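As they're listed, the protein sequences go chains A and B. Take the first sequence: its letters are residues 203 to 662, numbered as in our numbering. Take the second sequence: its letters are residues 563 to 624, numbered as in our numbering. No residue lacks a Cβ here, since even glycine has one placed at the ideal position from N, Cα and C. As the structure is a prediction and not an experimental result, all values here were calculated from the model. What follows is a set of notes on a single structure, which appears directly below.
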Amino acid sequence: MTDPLSKAATATAIAGAVMSGKVKASAVVDATLARIEAAESTINAFTDVVAERARKRAAEIDSGLHRGPLLGVPFAVKNLFDIAGLPTRAGSKINIDGPKAARDGALVRKLEAAGAILVGALNMGEYAYDFTGENIHYGSSRNPRDTTRMSGGSSGGSGAAVAAGEVPLALGSDTNGSIRVPSSLCGLFGLKPTYGRLSRAGSFPFVDSFDHLGPLARSAEDLALSFDAMQGWDSDDPVCTDRPVDPTLPRLIEGVDGLRIAIAGEYFARGGEPEAFEAVATVAKALGATKTVILPQAAAARAAAYVITAIEGAQLHLPRLRTRPQDFDPDTRERFMAGALLPGAWYVKAQRFRRQYRAHVLKLFEEVDVILAPATPCTAPKLGQTMMKLDGVELPVRANLGVFTQPISFIGLPVAVAPLQRPGGLPIGVQLIAKPYNEQAALRVAAHLQKVGVATAPPA
Amino acid sequence: MAQEKPDVARMVEEGAKIVGLTIAPEYRANVILNVERSLLIARPLLELELEDELMSSPVFRP
Numbered sequence: 203m204t205d206p207l208s209k210a211a212t213a214t215a216i217a218g219a220v221m222s223g224k225v226k227a228s229a230v231v232d233a234t235l236a237r238i239e240a241a242e243s244t245i246n247a248f249t250d251v252v253a254e255r256a257r258k259r260a261a262e263i264d265s266g267l268h269r270g271p272l273l274g275v276p277f278a279v280k281n282l283f284d285i286a287g288l289p290t291r292a293g294s295k296i297n298i299d300g301p302k303a304a305r306d307g308a309l310v311r312k313l314e315a316a317g318a319i320l321v322g323a324l325n326m327g328e329y330a331y332d333f334t335g336e337n338i339h340y341g342s343s344r345n346p347r348d349t350t351r352m353s354g355g356s357s358g359g360s361g362a363a364v365a366a367g368e369v370p371l372a373l374g375s376d377t378n379g380s381i382r383v384p385s386s387l388c389g390l391f392g393l394k395p396t397y398g399r400l401s402r403a404g405s406f407p408f409v410d411s412f413d414h415l416g417p418l419a420r421s422a423e424d425l426a427l428s429f430d431a432m433q434g435w436d437s438d439d440p441v442c443t444d445r446p447v448d449p450t451l452p453r454l455i456e457g458v459d460g461l462r463i464a465i466a467g468e469y470f471a472r473g474g475e476p477e478a479f480e481a482v483a484t485v486a487k488a489l490g491a492t493k494t495v496i497l498p499q500a501a502a503a504r505a506a507a508y509v510i511t512a513i514e515g516a517q518l519h520l521p522r523l524r525t526r527p528q529d530f531d532p533d534t535r536e537r538f539m540a541g542a543l544l545p546g547a548w549y550v551k552a553q554r555f556r557r558q559y560r561a562h563v564l565k566l567f568e569e570v571d572v573i574l575a576p577a578t579p580c581t582a583p584k585l586g587q588t589m590m591k592l593d594g595v596e597l598p599v600r601a602n603l604g605v606f607t608q609p610i611s612f613i614g615l616p617v618a619v620a621p622l623q624r625p626g627g628l629p630i631g632v633q634l635i636a637k638p639y640n641e642q643a644a645l646r647v648a649a650h651l652q653k654v655g656v657a658t659a660p661p662a
Numbered sequence: 563m564a565q566e567k568p569d570v571a572r573m574v575e576e577g578a579k580i581v582g583l584t585i586a587p588e589y590r591a592n593v594i595l596n597v598e599r600s601l602l603i604a605r606p607l608l609e610l611e612l613e614d615e616l617m618s619s620p621v622f623r624p
């Protein structure tokens, strides 16, 4: 069994050890803080460490004040989550001048109510308009598998911190792929739940139409454990579902029995490097999946997601673009400015198309339960790399790392990422896509792939 | 009928005035580049024909 104080320990293992009294929560927190201190000069995943708060919480747990399924599990959150007493940076310099958060974001409160211990806030691309993990204000978060390479973004610190073993669990946000891209590039399990499934209250927004929050972890069980603890209606988020909590962890034991699994063809089978499609083929083989399905008009879905993102994001930041343009990261500023100038008719058309595309894709789920697709078109690019070649075509890195994730989050489908470590190479992830509110199916496939050794956590 | 190539630089200049945005000269080339990229990426959406009856969902329920 993995040592609960080691960097390879999962949240499940730590909670089990703390609950059984094998280890004190204070010892877990001390080991975590020591690992963060040792790793940060190379990884740069954290922007804030709340050591005093974490030690106090751990002492309370050790004195029996708190219980819960995540007892003693250290976690950190992308710095767009509110943390009481800290400014909510959202990757920006501008937000530091804003008010400090009066209380923790909804999901931070839920994880702590389940016994987990917040240890800090994580680096991210400015205002989440990013797939790279680069940030001019706080430096780039680095990929632990190769620190000259991108972590992926915009939840770059979340991916880097978990992959480096600094924390077993991190929360990120995913508007167009910002959990799935770092999960793929850092080689982690990640979950973007159904749109509206988890409360976004107390997090800094980006694109209301697509913003999702979710976990990154070292195992499928940890995704299910944390997702279950975070479910539930919240009146503070206008799109949060009032569906009852539907635990996924007890269902992992069912494996893939009865699940109909297919591979996404056409759009999702081109425009990437061979390793992206080899990963899908490896996963399909392990699952015995041979059927191919076509998500109709996926290219238009990606285009519509791009348009809605550009226009909603620009509208949100227009006051700051007018008054403090010099304080933005240049890589986001000029994209936001461009978005402010795009025609409103494009936006309305994109929103109308969204409903049509949703209907077409939901029809596919009458025949299948889980669809496989690449998470990223390539493994981690080099830090600072601006262009990449996909299928022989030179394309901008920033706009294209999410080509396979955007058509999925566009209609809010739940997706788990299964990481393939590719010994001798760099990791890459496969999207396990399910119909709305069917996270359990995607997580069961992820757990099965983990069980048979196809999807694994990065080496500790 | 062939579509005339849009003058993106002029669109950026005039559009910025309309939305009350001052684009410093050193940002201008990149803003133009990003609008041009947007035109390219949006094309599959813009080329679609949608039924008149198709309505969006004001509160989106997946």
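Taking the beta carbon of residue i as the centre, do at least 16 other beta carbons fall within 10 Å, making it buried, or is it exposed?
| i | result |
| --- | --- |
| residue 269 of chain A | exposed |
| residue 614 of chain B | exposed |
| residue 394 of chain A | buried |
| residue 380 of chain A | buried |
| residue 455 of chain A | exposed |
| residue 511 of chain A | buried |
| residue 536 of chain A | buried |
| residue 642 of chain A | buried |
| residue 472 of chain A | exposed |
| residue 567 of chain B | exposed |
| residue 617 of chain B | exposed |
| residue 344 of chain A | buried |
| residue 586 of chain B | exposed |
| residue 516 of chain A | buried |
Given residue i, which residues of its chain have a CB within under 7 Å of its CB, disregarding the five upstream and five downstream residues?
| i | result |
| --- | --- |
| residue 209 of chain A | 237, 367 and 662 |
| residue 307 of chain A | 283, 284, 403, 404 and 405 |
| residue 219 of chain A | 206 and 225 |
With 7 Å set as the bound, which would you pick, yes or no: does the beta-carbon of residue i sit closer than that to a beta-carbon of chain A?
| i | result |
| --- | --- |
| residue 606 of chain B | yes |
| residue 602 of chain B | no |
| residue 597 of chain B | yes |
| residue 570 of chain B | no |
Check residue i in the structure and name its three-state DSSP category.
| i | result |
| --- | --- |
| residue 414 of chain A | strand |
| residue 405 of chain A | strand |
| residue 617 of chain B | coil |
| residue 381 of chain A | coil |
| residue 457 of chain A | coil |
| residue 506 of chain A | helix |
| residue 347 of chain A | coil |
| residue 238 of chain A | helix |
| residue 539 of chain A | helix |
| residue 631 of chain A | strand |
| residue 294 of chain A | coil |
| residue 568 of chain A | coil |
| residue 363 of chain A | helix |
| residue 276 of chain A | strand |
| residue 595 of chain A | strand |
| residue 243 of chain A | helix |
| residue 590 of chain A | strand |
| residue 232 of chain A | helix |
| residue 563 of chain B | Low per-residue confidence applies at residue 563 of chain B: pLDDT is 46, beneath 50, and the placement is therefore not dependable enough to give any value. |
| residue 221 of chain A | helix |
| residue 478 of chain A | helix |
Give me the chain A residues within the contact set of residue i, using Cβ-Cβ distance strictly less than 9 Å, ordered along the chain.
| i | result |
| --- | --- |
| residue 586 of chain B | 527 and 528 |
What does residue i reach in chain A if we use C-beta pairs closer than 7 Å?
| i | result |
| --- | --- |
| residue 578 of chain B | 543 |
Strictly below 7 Å CB to CB, what residues from chain B border residue i?
| i | result |
| --- | --- |
| residue 553 of chain A | 618 |
| residue 523 of chain A | 583 |
| residue 475 of chain A | Those within 7 Å of residue 475 of chain A in chain B number zero; the least Cβ separation is about 20 Å. |
In its own chain, which residues sit with a C-beta less than 6 Å from the C-beta of residue i, not counting the 5 before and 5 after it?
| i | result |
| --- | --- |
| residue 384 of chain A | 353, 354, 357, 358 and 361 |
| residue 575 of chain A | 466, 470, 606 and 633 |
| residue 594 of chain B | 570, 571 and 574 |
| residue 273 of chain A | 217, 220, 221 and 317 |
Answer with yes or no whether the minimum CB distance from residue i to chain B is below 7 Å.
| i | result |
| --- | --- |
| residue 647 of chain A | no |
| residue 509 of chain A | yes |
| residue 618 of chain A | no |
| residue 558 of chain A | yes |
| residue 423 of chain A | no |
| residue 537 of chain A | yes |
| residue 502 of chain A | yes |
Residues of chain B with CB closer than 8 Å to the CB of residue i, please, in chain order.
| i | result |
| --- | --- |
| residue 548 of chain A | 604, 607 and 608 |
| residue 598 of chain A | 599 |
| residue 505 of chain A | 603, 604, 605, 606, 607 and 608 |
| residue 601 of chain A | 599 and 603 |
Quick one: list the residues of chain B neighbouring residue i, beta-carbon separation under 9 Å, in chain order.
| i | result |
| --- | --- |
| residue 642 of chain A | Residues of chain B passing the Cβ test: none, with the nearest at roughly 16 Å. |
| residue 520 of chain A | 581, 582 and 583 |
What residues in its chain sit with their C-beta under 8 Å from that of residue i, if we drop five residues either side in the sequence?
| i | result |
| --- | --- |
| residue 563 of chain B | Model confidence at residue 563 of chain B stands at a pLDDT of 46, short of 50, so the residue's coordinates are unreliable; what they give is reported in the following sentence. Same-chain partners within the cutoff: there are none. |
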